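Engineer: Counting from 1 along the sequence shown, just add 1400 to a position and that's the residue number in my numbering. We put the beta carbon where it would ideally sit given N, CA and C, even for glycine. Since the model is a prediction, treat every value here as computed from it, not as a measurement.
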Amino acid sequence: MKKLLLFTFFLLFCAELIAQNITVTGKVSDNKGGVLPGVSIKIKGTSVGTTTNNAGEYVIRGASPNQILSFSYLGFQVKEVAVKEGALNVILESSSEKLDEVVVIGYGTQKKKEVTGAVGRVTNSVLSQSATADLGTALQGQVPGVTVQASSGRPGAVSNIQIRGLSSVTGRNEPLFVVDGIPYNADPQLSVNEIESVDILKDAASAAIYGTRGAGGVILITTKKGKSGKMKVDVDSYVGTQKITSGIPVMNFDESIYAMFINAYHFNGTPIGDTWTPLEENRYYFTNNTKMSDVIERDNSPMQNHSLSVSGGKQDLTYNVSANYIKQSGMIINSGFDRFNVRANTSIREGKWNINTGIGLRLDKQEYEPWQILLDAYKYQPYQPLIDPDQEEVSNGGIPGSNETINLSYLSSQLKTKDKRNGNHTNFNLQVDYDLVESVKLTTRFGGSYTDNTRIRVNPLFKAYDNLGNLIPMAQRSGVYNSSDKSSSLAWENSANYSKRFGDHQLKVLGLFSVERYQYTSFFAQKFDLINNNVVVLNGATADPNAGSGTDWDQDRTNSLIGMLARVQYDYKGRYLLSVSARRDGSSRFSKDYRWGTFPSVSAGWNVSDEQFWKPVANVINTLKIRASYGTTGNQNFQDYSNAAAITIGKDYVFGPETSDHLTLGAIQTAFANKNVKWETTAQSNVGFDLTFLNNKLTFTGDLYNTDKRDMLFPLLVPSSTGTGQNSTVILNVGNMNNKGVELAANYAHDGTFSWKFGVNFARNVNKITKMSGANKIAYMNGGTAVDGISNPDRLTVIKEGYEAGAFFLMPTNGVIKTEEQLLTYKKLVPTAKLGDLQYIDSNNDNKLTDDDRVYYGSGAPEYVIGSNISCAYKGFDLAMQWYGSFGNEVVNSSRIYAYLGGTHRDLVYQWSPRNPDSNIPANRGGSHDNYRGYSDYWIENGSYIRLRNISLGYKFSPKLIRFASNLRVYVAAQNPITITKYKGFDPEVGNDGLESRGIDKGNYPIGAIYRAGVQVNF
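Structure, rendered in structure tokens:
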């Protein structure tokens, strides 16, 4: 009997085991019947999972009847289905139809329906539309509140990205970049081909989990991962050409001769047309009609870009390898860029263990155009001889004049300068997850980067002769400059995640500890006077050797961060959402008394459309979610060792009698210590909503935010009378700043034989300095410092209480003096005034012209920006356009000033003279006269613009017509072909390298149009 009972129990136990080990098979497709390869399928609450193959098919073993399968795929809403034995086919709906898209939020993911902060997302399909090596350029106009301005059109240049306005007036304003969970000190410069998606944390509550690093927002980059199934190969390749679309109007030869007579009148009082002596004596004027911009600019310069991705794997091992090569010749002489990127990601699953690895390599070469070469070219007179950059001897061609001779020598040396940088960059990450129990996961993540740059600048030996055949002293000595810099960063994070659902309640808890370390070293060496141009190494130069390390931001430095984070997320029925976090960070950049900071945040959401009372209107307004958040972050992105005193050697001094020339080695303190420097802190509140209409085809998103920046750090110049010499500084927490704004976005998607999408977004940010320490309440920007008063009268941007940071304060003017009556009145203010002079306004009525008469004239920051995306597809054809507009920003046209001062701008043909008494263009009286000084409002222009960022037309061949590939698409595209603006310079998108130069056109490398043709193939 006992044996029978044991046998029966054994049969039942085996039956139960068999019942608990169900094998589920099936296919996953979209709502149009298209198969979806790479869909992630997981048994909910376990680490068991798989992905679909290229046919959309899957097999998963070890499931039980009471378990749930979760299907997730990028761009589609998550679907959960009860386990059943046999075939289980699943249809996923596009996430554009509901608020269920999965987004990355930092240390985890969430359905968009569950997100309580302000988070934007851009996928690879959107990023890849831009022909650029720069991620920022690809992001421009895609997410409201994310402002992207090109710092330069130079190949390889990195854009300036700001999230919700300025985060600091002196430190770096760029957001924190996090790649696959590893933070980076700057843009990691990945190729778009490596990136799967970009998620942007805009509000402080979302960014607060990154503590000291999150003041400027956070950009989370997820690189491409492998998917199980057959090996898949993707190729995207294009070639193109670039074109400069605008410029500064300069005189030709005939116009310059006419202007010469007008200038003779203004400079010497010579009656216009009374003498041809200058031309009679210098017949060489008639031999040239030079336009140096034709030598400087390289129209139709080529570019090419080639990308390759290989992915595949099995259920427990997947891989993805991405490679990209871009080569871009410069539109300006001696400039160019080429870069090679490769990245390999692998994922291994074994029981409770999940291991993800990634390693990337970047090799780049950058060639830099000579500094301000455009401005130098535009002041070169058309009657001067054309310069050949390859000539070792140049002559002024018999033309006299010290200015012309200097221009010849200096421009020749600029054209011959070769300046190149080679960079080697590596980065890696290792993440190990372990499912301790069903609801607890332990994670350790370790990663870092290493960069090694070398730069060589060669100023070749050449000879220049004046009109008498005399050798001209070179404006730039020949020589060689070598520099190298190395940087490394390491980050290690350990975390524990708890996730459990209790009926209608879900609770997630995260605890994390992190350490980071960054190190930078640099070295340079230079020598002058080359023996000849065939030996361009340090030992090939003979004079004035010099070597050392950099200064300021380039100084050798090391800094470390320690962080601890706790986060709790709760939701009830997915209807009521709550997230609370607190991060505590310690930074080596502060003294021990101010080293630690705590940054809490809280956010909540309400899915109103899940309520019963919403059902009557659900057919009209399909979904509604309301969000609110409050969070704090810190900022420590300023110079290392800023709280310590700086000692500079090399300040030698002569002791003894006046006749002595013996120098004694000396040093001087050039910066004061300030151990009381503390964190810049940011506190931001945010309210927002998400709406969908028309069966979820039309979506609206909106956010309002208010940001207070407290205890802003700034290096202030101190008087040399303190004993620290000139340009000495002290770091102080000088004031507070506020940003407030609104962000709106709308998107519509229509599916069908003729499918189309339309999206538009709007963002407005208002910036204001709300508090400044000190008596003057105003400081003029001077490089990376501020000055009480004005050390240089041509400084234009200020920090002033009650105005936006970087505001323009300029001298107001009232046009050109055209009548004797006007002249008589103005001479009471300026006794030396003449007809044709620019009238300055005594705005404070103290009967004198001083810097106190300056008034506010806006800034280089736009009042609002608008982006739009339009696309459609019909029977294999597809058309896409992206527009971007920036409105309300001002630009100071310093390029125009430079051409005026050089006497080459075409406007000067029409300047005031007795023959043109009604002209509004001030008379040319030379560079020392106030007519052409840069501090007046005469040079400020409306910098608003609308730009067609991208337009593409493609054709996707039917699979029936191609056998060698699963997909083939050919396309043509243009980038920046149309710019609508009133600005008269090269480009209104200028001068955002720093707050001091924002909105100031200093002859920046122009942003050109790109025309390209390409092919995309999938195997």
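1) Do you know offhand how far ILE2410's Cα is from ILE2270's?
2) At the level of alpha carbons, what is the spacing between ALA1744 and LEU1527?
3) Run through the region 1458-1505 for me and flag every whole beta strand (DSSP E) of 3 or more residues, listed as ranges in chain order.
4) CB-CB under 7 angstroms to ALA2233, same chain, minus the five flanking residues each way: which ones, in chain order?
5) What distance in whole Å lies between the Cβ atoms of ALA1533 and GLN1704, which are believed to be in contact at a cut-off of 8 angstroms?
6) Measuring CA to CA, which of VAL1639, SER1987, LYS1643 and LYS1779 is closest to ASN1700?
7) In chain order, which beta strand (DSSP E) runs of at least 3 residues are fully inside the region 1879-1906?
8) May I ask you to report which of helix, strand or coil DSSP gives ILE2297?
9) When DSSP builds the beta bridges, which residues end up paired with THR2023?
10) For PRO1437, does the count of other Cβ atoms within 10 angstroms reach 16, so buried, or fall short, so exposed?
11) Less than 9 angstroms separating the beta-carbons of PRO1575 and ALA2163?
12) If you reduce the DSSP assignment to three classes, tell me which class THR2153 lands in.
13) Taking TYR1994 as part of the alpha helix (DSSP H), name the residues at either end of that continuous run.
14) For TRP1731, which residues does DSSP report across the bridge?
15) Cα separation between ALA2413 and VAL2372?
16) I'd like to know whether the C-beta atoms of GLY1378 and TRP2312 end up nearer to each other than 9 angstroms.
17) If you follow the beta strand (DSSP E) that SER2493 is in, where does it begin and where does it stop?
18) Exposed or buried, LEU1815, counting other C-beta atoms within 10 Å across all chains shown (16 or more means buried)?
19) Determine the closest residue to ASP2108 out of LYS2097, ASP1603 and TYR1725, with distance taken between C-alpha atoms.
20) Of all the options LYS2275, ASN1933 and LEU1890, which has the alpha carbon lying nearest to the alpha carbon of TYR1918?
21) On a CA-only basis, which of LYS1511, ALA2273, VAL1579 and ILE1505 is nearest TYR2007? Give me that one, please.
22) Going by C-alpha to C-alpha distance, which of ALA2028, TYR2256, PRO1945 and ASN2418 sits closest to TYR1976?
23) So if DSSP puts THR1662 in a beta bridge, which residue, or which two residues, is it bridged to?
24) Is it right to say PRO2388 is buried, meaning 16 or more other beta carbons lie within 10 angstroms of its own, or is it exposed?
25) Would you kindly check if the distance between the Cβ of GLY2206 and the Cβ of VAL1569 is under 9 angstroms?
26) Anyone know if the C-beta pair for THR1425 and ALA1487 falls short of 9 angstroms?
27) How many Å lie between PRO2231 and SER2328 at the Cα?
28) Within the chosen definition, does the region 2293-2312 reach the region 2357-2374 through at least 3 CB pairs nearer than 8 angstroms?
29) Are the Cβ atoms of TYR2310 and ILE2321 separated by less than 9 angstroms?
30) SER1605 lies in the alpha helix (DSSP H); which residues open and close that run?
31) Give me the Cβ distance between VAL1592 and ILE1621, rounded to the nearest whole Å; I'm assuming they're in contact under 8 angstroms.
32) Which residue's Cα is closest to the Cα of VAL1840: VAL1502, ASN1897 and THR1851?
33) THR2039 by DSSP, collapsed to three states: which one?
34) Run through DSSP, which three-state label would PRO1583 get?
35) One question on the structure: do ALA1925 and ASN1946 come within less than 9 angstroms of each other, judged by their Cβ atoms?
36) Using CA coordinates, which residue listed in GLY1629, ASN2022, GLN2039 and GLY1640 is at the minimum distance from LEU2094?
Structural biologist: To lay it out plainly:
1) Within the sequence shown, the letter at position 1010 stands for residue 2410. Within the sequence shown, the letter at position 870 stands for residue 2270. So the alpha carbons of these two residues sit roughly 19 angstroms apart.
2) Here residue 1744 refers to the residue found at position 344 of the sequence shown. Here residue 1527 refers to the residue found at position 127 of the sequence shown. The alpha-carbon atoms of ALA1744 and LEU1527 are separated by roughly 20 angstroms.
3) 1468-1472, 1479-1482, 1490-1492 and 1502-1504
4) Residue 2233 sits at position 833 when you count from the first residue of the sequence shown. Only ILE2217, LEU2223, TYR2226 and LYS2227 meet the Cβ criterion.
5) In the sequence shown, residue 1704 corresponds to position 304, counting from 1. In the sequence shown, residue 1533 corresponds to position 133, counting from 1. Not confirmed; about 12 angstroms, so no contact.
6) Counting from one through the sequence shown, the residue named residue 1700 turns up at place 300. Closest by alpha carbon: LYS1643.
7) 1879-1902
8) Within the sequence shown, numbered from 1, the residue matching residue 2297 stands at position 897. Helix, per DSSP.
9) Against the sequence shown, residue 2023 aligns to sequence position 623. In DSSP, THR2023 forms a bridge with THR2092.
10) Looking up residue 1437 in the sequence shown gives position 37. Looking at its Cβ environment, which holds 16 or more other Cβ atoms inside 10 Å, PRO1437 is buried.
11) Position 175 of the sequence shown, counted from the first residue, corresponds to residue 1575. Position 763 of the sequence shown, counted from the first residue, corresponds to residue 2163. It is not a contact, given that the beta carbons lie outside the stated cut-off.
12) As a working mapping, residue 2153 is identified with position 753 in the sequence shown. Reduced to three states, the DSSP call for THR2153 is coil.
13) As a position in the sequence shown, residue 1994 is number 594, starting the count at 1. Element bounds for TYR1994: n/a, residue is neither H nor E.
14) Stepping through the sequence shown from its first residue, residue 1731 is reached at position 331. One point to set straight first is that residue 1731 is Met, not Trp, in the sequence displayed. Looking at the DSSP assignment, MET1731 forms no beta bridge with any residue, so it has no partner.
15) Taking the sequence shown and counting its residues from 1, one reaches residue 2413 at position 1013. Taking the sequence shown and counting its residues from 1, one reaches residue 2372 at position 972. ALA2413 and VAL2372: Cα-Cα distance of roughly 4 angstroms.
16) Any property of residue 1378 remains undetermined from this structure, which presents the chain solely from 1401 to 2419.
17) The requested residue 2493 does not occur in the structure, where the chain is confined to residues 1401 to 2419.
18) Locating residue 1815 in the sequence shown gives position 415, where the first residue counts as 1. Answer is buried; the Cβ neighbour count reaches 16.
19) Position 708 of the sequence shown, counting from 1, holds the residue named residue 2108. Nearest option by C-alpha distance: ASP1603.
20) By 1-based counting over the sequence shown, the position of residue 1918 is 518. The option with the nearest alpha carbon to TYR1918 is LEU1890.
21) Taking the sequence shown and counting its residues from 1, the one referred to as residue 2007 is at position 607. For clarity, residue 2007 is Asn in the given sequence; the question names Tyr instead. Measuring from the Cα of ASN2007, the nearest candidate turns out to be LYS1511.
22) For this step, residue 1976 is matched to residue 576 along the sequence shown. Closest by alpha carbon: ALA2028.
23) Locating residue 1662 in the sequence shown gives position 262, counting from the first residue. Looking at the sequence itself, residue 1662 is Ile, so the reference to Thr does not match. Paired residue(s): none; ILE1662 is not in a bridge.
24) In the sequence shown, counting from the first residue as 1, residue 2388 sits at position 988. Classification for PRO2388: buried.
25) Looking up residue 1569 in the sequence shown gives position 169. Looking up residue 2206 in the sequence shown gives position 806. Taking 9 angstroms as the Cβ cut-off, VAL1569 and GLY2206 qualify as a contacting pair.
26) In the sequence shown, counting from the first residue as 1, residue 1425 sits at position 25. In the sequence shown, counting from the first residue as 1, residue 1487 sits at position 87. Cβ atoms of THR1425 and ALA1487: closer than 9 angstroms.
27) One-based indexing of the sequence shown puts residue 2231 at position 831. One-based indexing of the sequence shown puts residue 2328 at position 928. Rounded to the nearest angstrom, the two C-alpha atoms are 17 angstroms apart.
28) no
29) Your numbering for residue 2310 matches position 910 in the sequence shown. Your numbering for residue 2321 matches position 921 in the sequence shown. Yes, they are a contact pair.
30) Numbered from its first residue, the sequence shown carries residue 1605 at position 205. It should be noted that the sequence gives Ala, not Ser, for residue 1605. ALA1605 -> alpha helix (DSSP H) spans 1604-1607.
31) On the sequence shown, residue 1592 is found 192 positions in, with the first residue counted as 1. On the sequence shown, residue 1621 is found 221 positions in, with the first residue counted as 1. Actually they do not touch by this definition, with Cβ atoms about 11 angstroms apart.
32) Here the question's residue 1840 lines up with position 440 in the sequence shown. Closest option to VAL1840, Cα to Cα, is ASN1897.
33) Residue numbering aside, residue 2039 sits at position 639 when the sequence shown is read from its first letter. It should be noted that the sequence gives Gln, not Thr, for residue 2039. In the structure shown, GLN2039 sits in coil (DSSP, three-state: anything other than H, G, I, E or B).
34) The residue given as residue 1583 occupies position 183 in the sequence shown. Note: PRO1583 maps to strand in three-state DSSP.
35) For the purposes of this step, residue 1925 is identified with residue 525 of the sequence shown, where counting begins at 1. For the purposes of this step, residue 1946 is identified with residue 546 of the sequence shown, where counting begins at 1. Yes, these two residues count as a Cβ contact at 9 angstroms.
36) Indexing the sequence shown from 1 puts residue 2094 at position 694. Considering only alpha carbons, the answer is ASN2022.
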